[in-house]
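Only one structure is covered here, and it is reproduced in the block below.
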Amino acid sequence: MKLPLKGIIPPMITPLLENKELDSAGLKNLIEHLLDGGVHGIFLLGTNGEGPSLGYELRKQLITEACEIIEHRVPVLVGITDTSLEASLDIAHHAQTAGADALVVAPPFYFPLAEEEINDYFRVLAPLLPLPFLVYNIPSCTKLSLSPATVKIGKELGAIGVKDSSGDLEVLYAFIEAFKDTPDFSVIVGDELFLSDAILKGGHGSVAGGANVFPKLFVDLYEASLSNDLPGIAKIRKKILHIHDTIYSVENSPTRSIKAIKCALSILGICEDYMASPLKRLSTDKRNEIKHHLDLFEYGKSTRSII
Numbered sequence: 001m002k003l004p005l006k007g008i009i010p011p012m013i014t015p016l017l018e019n020k021e022l023d024s025a026g027l028k029n030l031i032e033h034l035l036d037g038g039v040h041g042i043f044l045l046g047t048n049g050e051g052p053s054l055g056y057e058l059r060k061q062l063i064t065e066a067c068e069i070i071e072h073r074v075p076v077l078v079g080i081t082d083t084s085l086e087a088s089l090d091i092a093h094h095a096q097t098a099g100a101d102a103l104v105v106a107p108p109f110y111f112p113l114a115e116e117e118i119n120d121y122f123r124v125l126a127p128l129l130p131l132p133f134l135v136y137n138i139p140s141c142t143k144l145s146l147s148p149a150t151v152k153i154g155k156e157l158g159a160i161g162v163k164d165s166s167g168d169l170e171v172l173y174a175f176i177e178a179f180k181d182t183p184d185f186s187v188i189v190g191d192e193l194f195l196s197d198a199i200l201k202g203g204h205g206s207v208a209g210g211a212n213v214f215p216k217l218f219v220d221l222y223e224a225s226l227s228n229d230l231p232g233i234a235k236i237r238k239k240i241l242h243i244h245d246t247i248y249s250v251e252n253s254p255t256r257s258i259k260a261i262k263c264a265l266s267i268l269g270i271c272e273d274y275m276a277s278p279l280k281r282l283s284t285d286k287r288n289e290i291k292h293h294l295d296l297f298e299y300g301k302s303t304r305s306i307i
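For the sequence shown, full-length UniProt numbering assigns the number 1 to the initial residue and increments by one for each residue that follows.
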């Protein structure tokens, strides 16, 4: 795996069957869809992957099967965040055995933690990890917004990057500024609407949920941003904003985009759209709304090429 880690790294959804088992056929379809779209890596067991809601055996099955399908064509990142150190390490070691390339670590997500407590946690966890890791800042789920100082501690312990899902542009820019003189350390943005801002400011890429459905669209935005193609950026961002205003907005819930992404993939015939409890897939009416938006979306005959 070349450093710094760059590009579009979709937080892959986890295809499930009605009985909540892994949709293995859908998994293969989805991975090939992502790779055909030109993505630069794949992130398993993140928020869009419903990682914390999946049983440990299903998580391990997903990691194993995904790594077998990907066959080192792009780097595989695996989310190992859990409420216990032992559970995180168990998934981390399985990821190494399966052939993953890196891990993604956020603070444990039950107890409210002080920053010094998470610093101590990283000092215990990092030396035990069998693979390189990224620090994951996602305060909406962990109750703690990590500072550049904490991420620097992570870097000293071996972190190769930070994934920022704070949804705060100032926080993102603070990370970029803090690590601008460390060329092998990646700053990856989680909010897909900040992709071009991150790249133009000196960041390295995005874990963009919408890239599950429209991988080429986000790859094109990344490349336009690298080349400072401002008209191209504006054109593509308009399409992504349209996705947010339509496909992501058929339901008013905090997890609406995750459900919408899975639903859209199901409509496209890529994989099933069953959700892990406590989430539920969208109703038939909402599904029909998403189908309508997909039918009207100006994205060529398929979801893989912009017109």
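Glycine included, each C-beta is placed from N, C-alpha and C at the ideal position.
Does DSSP put residue i in a helix, in a strand, or in coil?
| i | result |
| --- | --- |
| Tyr110 | coil |
| Pro127 | helix |
| Asp164 | strand |
| Tyr274 | coil |
| Pro11 | strand |
| Val219 | helix |
| Leu16 | strand |
| Ser140 | helix |
| Val207 | coil |
| Val187 | strand |
| Ser249 | helix |
| Thr182 | coil |
| Arg281 | coil |
| Glu71 | coil |
| Thr64 | helix |
| Lys286 | helix |
| Ser53 | helix |
| Lys262 | helix |
Just grab the DSSP bridge partners of residue i for me.
| i | result |
| --- | --- |
| Gly79 | Val104 |
| Asn48 | Beta-bridge pairing links Asn48 to no other residue. |
| Ile42 | Val76 |
| Ala159 | Phe133 |
| Leu22 | Leu16 |
If we ignore side chains and look at the alpha-carbon of each, how far apart do residue i and residue j end up?
| i | j | result |
| --- | --- | --- |
| Ser24 | Pro15 | 8 Å |
| Lys235 | Thr246 | 17 Å |
| Pro183 | Leu134 | 15 Å |
| Gly154 | Glu289 | 44 Å |
| Tyr110 | Pro139 | 12 Å |
| Ile188 | His204 | 6 Å |
| Ala159 | Phe185 | 8 Å |
| Pro231 | Lys291 | 29 Å |
| Thr83 | Pro108 | 5 Å |
| Ile91 | Lys143 | 23 Å |
| Ile199 | Gly41 | 17 Å |
| Arg29 | Ser145 | Note that residue 29 is Asn in the sequence shown here, rather than Arg. Answer to the nearest angstrom: the Cα atoms are 36 Å apart. |
| Leu113 | Leu296 | 46 Å |
| Lys286 | Glu156 | 47 Å |
| Cys141 | Thr81 | 11 Å |
| Gly300 | Tyr121 | Bear in mind that the predicted position of Gly300 carries a pLDDT of just 42, short of 50, making it too unreliable to give a figure here. |
| Asn119 | Thr150 | 6 Å |
| Lys6 | Gly55 | 30 Å |
| Val78 | Leu279 | 21 Å |
| Ser165 | Arg123 | 22 Å |
| Ser302 | Leu89 | For Ser302, the predicted model reports a pLDDT of 40, less than 50, meaning its position is unreliable and no value from the coordinates is stated. |
| Ala66 | Ala126 | 24 Å |
| Asn228 | Gly26 | 36 Å |
| Leu58 | Gly209 | 21 Å |
Does the distance from the CB of residue i to the CB of residue j come in under 8 Å?
| i | j | result |
| --- | --- | --- |
| His72 | Pro130 | no |
| Val207 | Phe43 | yes |
| Leu85 | Leu22 | no |
| Ile258 | Leu193 | no |
| Val171 | Tyr136 | no |
| Leu294 | Ile261 | no |
| Lys169 | Ser196 | According to the sequence as given, residue 169 is Leu; it is not Lys. In this structure, Ser196 does not lie closer than 8 Å to Leu169 by Cβ. |
| Ile13 | Gly49 | yes |
| Ser53 | Ser253 | no |
| Leu17 | Glu272 | yes |
| Ile70 | Ile8 | no |
| Gly190 | Lys163 | yes |
| Thr47 | Pro11 | yes |
Whose C-beta lies closer than 6 Å to the C-beta of residue i among residues of the same chain, with five residues either side of it excluded?
| i | result |
| --- | --- |
| Asp101 | Met1, Pro75 and Val76 |
| Met275 | Arg281 |
| His33 | Ile270 |
| His244 | none |
| Pro132 | Ala102 and Ile160 |
| Ala106 | Thr81, Tyr136, Ile138 and Thr142 |
| Lys60 | His94 |
Within the same chain, show all residues whose beta-carbon is closer than 8 Å to that of residue i, passing over the 5 residues directly before and after it, in chain order.
| i | result |
| --- | --- |
| Arg256 | Tyr248, Ser249 and Val250 |
| Thr284 | none |
Sorted by chain position, which residues of the same chain lie with C-beta nearer than 7 Å to residue i's C-beta, five sequence neighbours on each side aside?
| i | result |
| --- | --- |
| Pro148 | Ala174, Phe175 and Ala178 |
| Lys180 | Gly202 |
| Ala264 | Val213, Ile247, Ile290 and Leu294 |
| Pro4 | Gly161, Pro183, Asp184, Phe185, Ser186 and His204 |
| Thr64 | Ala98 |
| Leu128 | Leu89 |
With a cut-off of 8 Å, does the C-beta of residue i fall near any C-beta of chain B?
| i | result |
| --- | --- |
| Leu128 | Protein chain content of the structure displayed is limited to a single chain, and chain B is not contained in it. |
With a threshold of 7 Å (Cβ to nearest heavy atom), would residue i be considered close to the ligand MN?
| i | result |
| --- | --- |
| Glu289 | No copy of the ligand MN appears in this structure; indeed no ligand is present at all. |
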